[in-house]
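> Under our numbering, the very last position in the first sequence is 533; numbers go up by exactly one each time.
Beta carbons: idealized from backbone N, C-alpha and C, even for Gly.
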Amino acid sequence: MAKGKGSDQGAKQNTDGIGGKITPREEDYPQWYQDVIREGELAETAKVVKGCMVIKPHGYAIWEKIQRDLDARFKETGHRNAYFPLLIPQSFITKEAEHVEGFAPELAVVTHAGGEALEEPYVIRPTSETIIGHYFAKWISSHRDLPLLINQWANVMRWEKRTRMFLRTTEFLWQEGHTAHSTHEEARAEVERMLNVYGDFAEQVMAMPVIRGVKTESEKFAGALSSLCIEAPMQDGKALQAGTSHDLGQNFGRAFDVQFQSEEGKLDYVWQTSWGVSTRLVGGLIMTHSDDAGLVLPPRVAPIHAVIVPIWRKAHERDAVFEACARIKASLDEIDLSQPRSRYRDFVEVVVDDRPIRPGAKFYEWERRGVPVRIEVGPKDIAKGQVCVRMRVDTAAGTGKEFIPEADFIAGFRGRLDLYQAELLRIARERMETQTVTLDTWDEFLAAFAGDASVFAWCHWDGTAETEAAIKEQTKATIRCVPLPGQGPAPEPGKCILTGKPSPQRVLIAKAY
RNA sequence: AGGGCUGUAGCGCAGUCUGGUUAGCGCGCUCGCUUCGGGAGCGAGAGGUCGGGGGUUCGAAUCCCCCCAGCCCUACCA
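1. Quick check on DSSP: helix, strand or coil for K258?
2. Rounded to a whole number of angstroms, what is the C-alpha to C-alpha distance between Y142 and V130?
3. Rounded to whole angstroms, how far is the Cβ of G219 from the Cβ of R208, which I believe are closer than 8 Å?
4. What ranges does the beta strand (DSSP E) occupy inside the region 486-524, keeping only unbroken runs of at least 3 residues that lie completely in it?
5. Who are V371's beta bridge partners in DSSP?
6. Do you know offhand how far T183's Cα is from T190's?
7. Of the residues F383, K258, S362, S351, which one's Cα is nearest the Cα of V329?
8. Taking C516 and W481 to be in contact with their CB atoms under 8 Å, please state how far apart those CB atoms are, rounded to whole angstroms.
9. Given a cut-off of 9 Å on the beta-carbon distance, is the pair Y364 and A92 in contact?
10. Quick one: what does DSSP say G26 is sitting in, helix, strand or coil?
11. Grouping DSSP H, G and I as helix and E and B as strand, with all else coil, what is C408?
12. According to DSSP, is S474 part of a helix, a strand, or is it coil?
13. Leaving out five residues on either side along the sequence, give the residues of the same chain with a beta carbon under 7 Å from the beta carbon of A473.
14. When you compare only the Cα positions, how much space is there between E210 and P376?
15. With a Cβ-Cβ cutoff of 9 Å, do T264 and W291 count as a contact?
16. Quick check: what's the CA-CA separation for V69 versus E47?
17. So what's E46 in DSSP terms, helix, strand or just coil?
18. When burial is assigned at 16 or more other CB atoms within 10 Å of the CB, is Q494 buried or exposed?
19. Roughly how many angstroms separate the alpha carbons of F423 and A442, rounded to a whole number?
20. Can you tell me whether S351 is helix, strand or coil according to DSSP?
21. Give the DSSP-derived three-state secondary structure of S247 in the structure shown.
22. Leaving out five residues before and five after P157 in sequence, what residues of the same chain have Cβ atoms less than 7 Å from its Cβ?
23. For the ligand MN, is there a heavy atom less than 8 Å away from the beta-carbon of F280?
24. What are the boundary residues of the alpha helix (DSSP H) that includes H154?
25. Three or more beta-carbon pairs under 8 Å between the region 146-156 and the region 81-88, yes or no?
26. Suppose contacts are defined by Cβ-Cβ distances below 9 Å. Is L437 in contact with L357 by that definition?
27. Inspect the beta-carbon positions of F465 and K531 and report whether they are closer than 9 Å.
28. What's the call for S162, buried or exposed, on a 16-neighbour Cβ count within 10 Å?
29. Alpha carbon to alpha carbon, how far is H325 from G390?
30. With DSSP collapsed to three states, give me the class of D2.
31. Determine the extent of the beta strand (DSSP E) in which H132 is found, giving its start and end residues.
32. Beta-carbon separation of Q195 and Y533 under 9 Å?
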C-alpha cells in the first residue's frame with residue numbers, strides 16, 4: 021500500500037493515545053458523536069444524576085452564543101423576558117387534559133420539603149404553559165393588555181427513558197416563549213413569525229439548513245391545536261426536531277381562565293402560543309458540521325474565532341515571536357463582528373496558545389475544539405511580514421496552509437469568517453440535497469430506510485394516523501412534518517406511498533433523533 | 001419499562017471464566033535535560049473506595065444477591 025505523503029496519514033495513525041480517540045463516523049456514528057463531545061470538551065454525562073449532563077465551559081460558551089443571538093431576535097420582535105418558578109403545583113398540570121396525558125409519564129415530582137411531606141406535591145416544570153397560564157389570568161383583563169409577549173430562559177426536566185448528550189437529557193436548558201392574543205389570526209401569525217425566527221437563526225447563525233413544516237396530529241405538542249417545527253438533517257440522514265412553535269388555541273386560556281374583555285365589551289378567552297428551542301441545538305450543531313477530526317463550528321457560534329500558535333526554537337526567537345503574536349491578537353481584538361442593527365456588539369475572540377508544549381499537539385487540540393482559524397507565527401513569518409493561516413475546514417474561505425501578509429490577513433479577517441460561515445452552510449445544504457429523495461413506491465421506501473439507514477424522503481401520505489403508525493412500525497421512520505409553502509416539492513396530488521389512497525401533497529419522512 | 005453489552009487512574013484497556021503476596025499496561029499528568037513549522041525523546045515520579053452495598057470464603061477486581069450509572073436495540077417521548 022502506497023504511503024500518503026500528506027500529514028494526515030501520520031495523524032490518523034496516532035489518533036489514539038494522546039488526547040482521546042475520535043471514532044470515525046463510518047465506523048460508529050453514535051460513538052463518534054460522543055467522542056466529539058468529549059474531545060471538544062463540550063460536556064460530560066453527570067453520572068451521579070441519571071440522564072443529566074455537565075455542560076463544560078466550551079460547551080456552555082456555545083450555548084451562550086446561541087442564547088444571545090436568539091434573545092436579541094426575541095426582543096426585536098417585541099418579546100420581554102420574565103421568570104417563573106421551577107416548581108409547579110401538581111394540580112396545575114392536570115388542568116389541561118391533553119397536556120397532562122402527554123407529560124404525566126415524564127414528570128419528576130417533589131413530595132417532601134423542609135423535612136415534611138407536602139400537602140400538594142410540586143412538579144418540576146417539564147414546560148411552563150400551566151404556571152404561566154395561571155399568571156396570565158392575573159395579568160390580563162382587557163384587550164388593552166394584549167398581546168402579551170413573554171419569553172423565559174430556563175431549565176426544565178423531563179424524565180425520559182432514553183437520554184443522549186444534548187439531544188435528550190433529563191434536565192435541559194431552553195427558552196420558552198409564551199404569548200397571549202385577542203384573536204386566533206393574530207396568534208397564528210405569531211406562531212409562524214417565531215418559527216421563522218428559528219428557521220432564520222438556524223440557517224444564518226448555526227449554518228444548519230432546516231425544513232419548516234407542520235407536525236401531524238400524533239406528533240404535535242400535548243395541548244396544542246397545531247405545532248409548527250423546523251427539522252434539520254443530520255449527517256447520518258436522520259432528522260432533528262430543532263425548534264417548535266405551537267398554536268395553543270384557547271385550550272390553556274380555558275383551563276386557566278385567562279379571559280379578557282374585548283372592545284365590544286364581550287368576555288373571551290385569550291388565544292395563546294408557545295415556542296421553544298433548547299440545548300438540543302448544540303447537538304444539532306455537532307451533527308451538522310463536525311468531522312472525524314472533531315468539532316467544527318460556524319464563526320457565529322464559535323466562542324473562539326482564532327487561535328495563534330507561536331513557533332520558536334531558540335530563546336532569542338521567543339521574544340520576537342511572542343511580540344508578533346500579541347500584536348496580531350491586538351489587531352484581531354479590534355475587529356467588530358456585530359451584525360447590522362445588532363443589540364450587542366461582538367468582537368473577534370482570539371487566544372494565543374503560549375503553553376510550553378509542541379505546536380503539533382496544539383494544532384490537534386484546537387481542531388478538536390472547532391476553532392475556525394489557526395494562525396501560526398514563527399521567525400520565518402516575522403522576517404517576511406506574513407502569517408501562516410489554516411482554516412479548520414478546507415473551503416473557499418481558505419485551503420491548506422496559506423501564507424498571507426499580516427496586514428492583508430487582518431484586513432480580510434472578517435470577510436474570511438463570513439465566507440467560512442457561508443461555506444459551512446453551503447456544504448450542509450449540499451449534503452441535505454444528496455440526502456433528500458422523492459419516493460413513490462413502498463419498495464423504494466423500505467430500501468431507503470433499511471437497517472439503520474435514513475434519508476429525507478418526500479412521500480405522499482393518505483393523512484391518516486393509522487398509516488402514519490404503520491410506516492413507523494415497519495421502518496422506524498416517522499412523518500417529520502407537512503411542509504409549509506416554499507418548503508420541499510411544490511404541492512401536487514398523488515397516491516399514499518403505503519396505502520395508495522389519495523394524498524394532497526408530499527410530506528417529509530425520516531428517522532428522528 | 002423489556003432485552004443485550006459494559007463499569008478497574010483523566011482517556012483507552014488487560015486481569016474476572018479457573019478466588020491467592022505490594023492490581024498492571026498505553027496515552028495523558030508532574031519534575032529534569034534535550035527538543036519545538038502536524039500529536040517529541042530519555043530519565044525520574046505522582047495518581048486506584050477495582051461503580052455502590054450486602055453475602056460466600058482463611059482470602060474477592062474475580063463467585064452469589066441487590067442497587068446505581070453508561071452505551072446499543074426495542075418501547076416511550078415538545
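According to the structure data:
1. Along the first sequence, one-based indexing puts residue 258 at 238. K258 falls in the coil class under three-state DSSP.
2. The count along the first sequence starts at 1 and reaches residue 142 at position 122. The count along the first sequence starts at 1 and reaches residue 130 at position 110. Distance between the alpha carbons of Y142 and V130: 5 Å.
3. Mapped onto the first sequence, residue 219 falls at position 199. Mapped onto the first sequence, residue 208 falls at position 188. Actually they are not in contact, since the Cβ atoms of G219 and R208 sit about 16 Å apart, beyond 8 Å.
4. 498-503
5. Sequence index remark: in the first sequence, residue 371 carries index 351 (1-based). Bridge partners of V371: V327.
6. For the purposes of this step, residue 183 is identified with residue 163 of the first sequence, where counting begins at 1. For the purposes of this step, residue 190 is identified with residue 170 of the first sequence, where counting begins at 1. So the two alpha carbons sit approximately 7 Å from each other.
7. The residue you call residue 329 lines up with position 309 of the first sequence. The option with the nearest alpha carbon to V329 is F383.
8. One-based indexing of the first sequence puts residue 516 at position 496. One-based indexing of the first sequence puts residue 481 at position 461. Right, their Cβ atoms sit about 6 Å apart.
9. Numbered from 1 along the first sequence, position 344 holds the residue referred to as residue 364. Numbered from 1 along the first sequence, position 72 holds the residue referred to as residue 92. For Y364 and A92, yes; Cβs fall inside 9 Å.
10. Working through the first sequence from its first residue, we reach residue 26 at position 6. Residue placement at G26 is poorly supported in this model, since its pLDDT is 25, which falls under 50; the coordinates still yield a value, given next. Here G26 sits in coil by DSSP.
11. What you label residue 408 is simply residue 388 of the first sequence in a count that begins at 1. C408: strand per DSSP, three-state reduction.
12. Walking along the first sequence from the start, residue 474 turns up at place 454. S474 falls in the coil class under three-state DSSP.
13. Position 453 of the first sequence, counted from the start, is the residue given in the question as residue 473. The answer, listed in chain order, is G257.
14. Translated into positions along the first sequence, residue 210 becomes position 190. Translated into positions along the first sequence, residue 376 becomes position 356. Each residue's alpha carbon lies about 54 Å from the other.
15. Within the first sequence, residue 264 is the residue found at index 244, counting from 1. Within the first sequence, residue 291 is the residue found at index 271, counting from 1. No, Cβ-Cβ distance for T264 and W291 is not below 9 Å.
16. Translated into positions along the first sequence, residue 69 becomes position 49. Translated into positions along the first sequence, residue 47 becomes position 27. Using only the alpha carbons, I get a separation of about 30 Å.
17. Here residue 46 corresponds to residue number 26 of the first sequence, with the count starting at 1. In this structure, E46 counts as coil in the three-state DSSP scheme.
18. Residue mapping note: residue 494 aligns to position 474 of the first sequence, counting from 1. Exposed, since its Cβ has fewer than 16 Cβ neighbours within 10 Å.
19. Locating residue 423 in the first sequence gives position 403, where the first residue counts as 1. Locating residue 442 in the first sequence gives position 422, where the first residue counts as 1. C-alpha separation (whole angstroms): 22 Å.
20. The sequence position of residue 351 within the first sequence is 331, counting from 1. Looking at S351 - three-state DSSP - the assignment turns out to be helix.
21. Position 227 of the first sequence, counting from 1, holds the residue named residue 247. Note: S247 maps to strand in three-state DSSP.
22. The sequence position of residue 157 within the first sequence is 137, counting from 1. Rather than Pro, the amino acid found at residue 157 in this sequence is Ala. So the list reads F276, D277, V278, once near-sequence residues are dropped.
23. As for the ligand MN, it is missing from this structure, which has no ligand bound.
24. Along the first sequence, read from residue 1 onward, the residue named residue 154 stands at position 134. Its alpha helix (DSSP H) spans residues 149-159.
25. no
26. Your numbering for residue 437 matches position 417 in the first sequence. Your numbering for residue 357 matches position 337 in the first sequence. Against a cut-off of 9 Å, the Cβ pair of L357 and L437 comes out as a contact.
27. Taking the first sequence and counting its residues from 1, one reaches residue 465 at position 445. Taking the first sequence and counting its residues from 1, one reaches residue 531 at position 511. Cβ atoms of F465 and K531: not closer than 9 Å.
28. The residue you call residue 162 lines up with position 142 of the first sequence. With fewer than 16 other Cβ atoms within 10 Å, it is exposed.
29. As a position in the first sequence, residue 325 is number 305, starting the count at 1. As a position in the first sequence, residue 390 is number 370, starting the count at 1. Using only the alpha carbons, I get a separation of about 9 Å.
30. This structure does not reach residue 2, given that the chain is present from 21 up to 533, and the question cannot be answered.
31. Within the first sequence, numbered from 1, the residue matching residue 132 stands at position 112. Looking at the DSSP string, the run of the beta strand (DSSP E) that includes H132 is 129-133.
32. By 1-based counting over the first sequence, the position of residue 195 is 175. By 1-based counting over the first sequence, the position of residue 533 is 513. Contact: no.
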